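Undergrad: If you read the sequence shown in the numbering used here, its first letter stands for residue 2, the second for the next number, and so on.
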Amino acid sequence: MANLAHNSKAKFDYEILETFTAGLELLGAEVKSVRGGKMNLAGSFIGVRGHEAYLLGAEIPPYQPKNSPENYDSTRPKKLLLTKSEIEMLSTAEGTKGLTIVPLSVYNKGRFIKLDLAVARGKKKFDKRQAIKKRDVERDLKKVL
């Protein structure tokens with residue numbers, strides 16, 4: 002199980018409440034590009050439209066830029082493969098004030114590409130400062146030991 006892409010700012014900017022695992026519906030060239038480690042999750046989020054969930058704002062550049070179709074859109078919405086009950090839970094979370102759905106990481110499980118996503122609440126500025134302070138204290142303790 003190799004980690005192909007990671008949203009490093011998600012755990013710093015958000016308080017994770019609940020996590021889910023979803024499959025990604027990708028084109029063939031996109032799969033090759035993701036396996037090559039070219040996917041970017043920064044600034045992306047999950048949107049629920051009707052009874053389907055989509056990954057929005059994630060960039061997957063073409064695998065071979067000179068060989069890609071002219072109308073290739075690297076930031077097109079990617080459909081998430083979830084159960085009906087999971088989509089229902091995500092849609093209620095999306096409608097709740099103060100909650101958002103963020104992608105955490107993309108990895109492969111066998112031959113499938115999976116996405117870890119989370120229902121999260123945004124942190125305030127003082128919460129972020131406390132996280133930085135805690136991280137610095139832990140780093141100093143490791144140096145001493």
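Think of the CB as a built atom: it goes at the ideal place given N, C-alpha and C, for glycine as much as any other residue.
Remember, predicted model here, so these are calculated numbers, not experimental data.
Do you know offhand how far residue 110's Cα is from residue 82's?
TA: Between residue 110 and residue 82, the C-alpha separation is close to 14 Å.
Undergrad: Using the Cα positions of residue 131 and residue 71, report the straight-line distance between them to the nearest angstrom.
TA: About 48 Å.
Undergrad: In terms of residues, what are the limits of the alpha helix (DSSP H) holding residue 95?
TA: 85-96 is the span of the alpha helix (DSSP H), which, as asked, contains residue 95.
Undergrad: Quick check: the segment 131-142 against the segment 28-38, are at least 3 beta-carbon pairs closer than 8 Å?
TA: With a cut-off of 8 Å, the segment 131-142 and the segment 28-38 do not count as touching, because too few Cβ pairs lie within range.
Undergrad: Does DSSP put residue 121 in a helix, in a strand, or in coil?
TA: Three-state result, residue 121: strand.
Undergrad: Identify every run of the alpha helix (DSSP H) within the segment 47-73, keeping only runs that are complete inside it and at least 4 residues long; order them along the chain.
TA: For the segment 47-73, not a single whole alpha helix (DSSP H) run of length 4 or above is found.
Undergrad: With DSSP run on the structure shown, which of helix, strand or coil describes residue 27?
TA: Three-state DSSP puts residue 27 in coil, outside helix and strand.
Undergrad: Measure from the alpha carbon of residue 53 to the alpha carbon of each residue in 77, 91, 61 and 76, then state which is nearest.
TA: Among 77, 91, 61 and 76, the Cα nearest to that of residue 53 belongs to 91.
Undergrad: Once DSSP output is grouped into helix, strand and coil, what is the label at residue 34?
TA: Looking at residue 34 - three-state DSSP - the assignment turns out to be helix.
Undergrad: If you draw a straight line from the C-alpha of residue 124 to the C-alpha of residue 105, how long is it?
TA: Going by the C-alpha atoms only, they are around 16 Å apart.
Undergrad: Once you ignore the five residues that flank residue 15 on each side, which residues in its own chain have a CB closer than 8 Å to its CB?
TA: Only 101, 103, 119, 121, 122, 123 and 124 meet the Cβ criterion.
Undergrad: Using beta-carbon positions only, say whether residue 56 and residue 79 come within less than 8 Å of one another.
TA: Contact flag set, yes.
Undergrad: Take residue 37 as the anchor and find which of 58, 74 and 6 has the nearest alpha-carbon.
TA: Minimum Cα distance to residue 37 is reached at 6.
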